[in-house]
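Colleague: One structure, as structure tokens, below. Some questions next.
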Amino acid sequence: MTAMEPLALLQLGAGLALVAIAWLLPRHIAGARKATMTVLLLDIAPLALGAGLRAYAEALRPRLMRYGVGVTVVCPGFFASPMTGRWQGPTPFLASGDKAARHIKRGIDRGRRRVHFPWPLVFGMRFCDIAPAWIGDAILRRFRFRIRPA
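Quick note on numbering: our numbering labels position 125 of the sequence shown as 370, and the sequence is numbered without any gaps.
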């Protein structure tokens, strides 16, 4: 794999996600009285694709309210899953898949605009967002991981 292939895969993934949303959304709105679109993202700063999709979903929310479509942005921490099984690195506050699913479902059922958990990780990521960039960079630079190929 060349150095540019991962970037090309990220661009392809982002493009496919936006095309899918653009194609599905009008069909969803047409018959919906009340629905929820959930964007499931891994909330780790280096994953720019996730950050872009999160921003897109957040921007869609006010535009879709008039159609009765709710947008819930889900940013979970680590939970037990096949992907987490391939994750090589720290997994702070790892939750079971069942616990994560219950938490997400409860947030959607309550009409929450955002479902973020666990709180210690959410607090840490938000701190990195509002702190001067050099502080956030110094903290996140220590967070190293790899995803083992499937």
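Beta carbons are placed, not taken as given, at the ideal position from N, Cα and C, and that holds for glycine. Everything numeric in this text was worked out from a predicted model, so none of it was measured.
1) Please confirm whether any heavy atom of the ligand HEM lies closer than 8 Å to the CB of Val-316.
2) Which residue spans inside the segment 336-363 form an unbroken alpha helix (DSSP H) run of at least 4?
3) Which of helix, strand or coil does DSSP assign to Phe-388?
4) Compute the Euclidean distance between the alpha carbons of Phe-368 and Ala-395, then round it to the nearest angstrom.
5) With a cut-off of 8 Å on the beta carbons, I'd call Arg-391 and Gly-352 a contact; round off their distance for me.
6) Tell me Cys-320's beta-bridge partners as DSSP assigns them.
7) Give the straight-line distance between the Cα atoms of Phe-372 and Arg-387, rounded to the nearest whole angstrom.
8) Go ahead and pull the three-state DSSP assignment for Gly-313.
9) Using the beta-carbon count (16 or more within 10 Å), is Gly-356 buried or exposed?
10) Is the CB-CB distance between Arg-359 and Thr-317 below 9 Å?
11) Quick check: what's the CA-CA separation for Gly-342 versus Pro-327?
12) Do Phe-324 and Ala-340 have their C-beta atoms closer together than 9 Å?
13) Who are the near neighbours of Gly-381 in its chain, counting only those whose CB is closer than 6 Å to its CB and skipping five residues on each side?
14) Where DSSP assigns a beta bridge to Trp-417, which residues make up the other side?
Modeller: Taking the structure as given:
1) Looking for the ligand HEM in the displayed structure turns up nothing, as the structure carries no ligands at all.
2) 342-354
3) Counted from its first residue, the sequence shown places residue 388 at position 143. Here Phe-388 sits in coil by DSSP.
4) Taking the sequence shown and counting its residues from 1, one reaches residue 368 at position 123. Taking the sequence shown and counting its residues from 1, one reaches residue 395 at position 150. Phe-368 and Ala-395: Cα-Cα distance of roughly 31 Å.
5) Sequence index remark: in the sequence shown, residue 391 carries index 146 (1-based). Sequence index remark: in the sequence shown, residue 352 carries index 107 (1-based). Contact doesn't hold; Cβ gap of about 30 Å is too wide.
6) Taking the sequence shown and counting its residues from 1, the one referred to as residue 320 is at position 75. DSSP, once it has assigned bridges, lists His-361 as partnering Cys-320.
7) Here residue 372 refers to the residue found at position 127 of the sequence shown. Here residue 387 refers to the residue found at position 142 of the sequence shown. If I take the Cα positions, the gap works out to 15 Å.
8) What you label residue 313 is simply residue 68 of the sequence shown in a count that begins at 1. The answer is coil: DSSP assigns Gly-313 none of H, G, I, E or B.
9) Residue mapping note: residue 356 aligns to position 111 of the sequence shown, counting from 1. Exposed.
10) Taking the sequence shown and counting its residues from 1, one reaches residue 359 at position 114. Taking the sequence shown and counting its residues from 1, one reaches residue 317 at position 72. Closer than 9 Å, so yes.
11) Stepping through the sequence shown from its first residue, residue 342 is reached at position 97. Stepping through the sequence shown from its first residue, residue 327 is reached at position 82. Looking at the two C-alpha atoms, the distance is approximately 10 Å.
12) Within the sequence shown, the letter at position 79 stands for residue 324. Within the sequence shown, the letter at position 95 stands for residue 340. For Phe-324 and Ala-340, yes; Cβs fall inside 9 Å.
13) For the purposes of this step, residue 381 is identified with residue 136 of the sequence shown, where counting begins at 1. For Gly-381, where only same-chain residues beyond five positions count, the Cβ hits under 6 Å are Cys-373.
14) Residue numbering for the chain in the displayed model covers 246 to 395; residue 417 lies beyond these limits and cannot be assessed.
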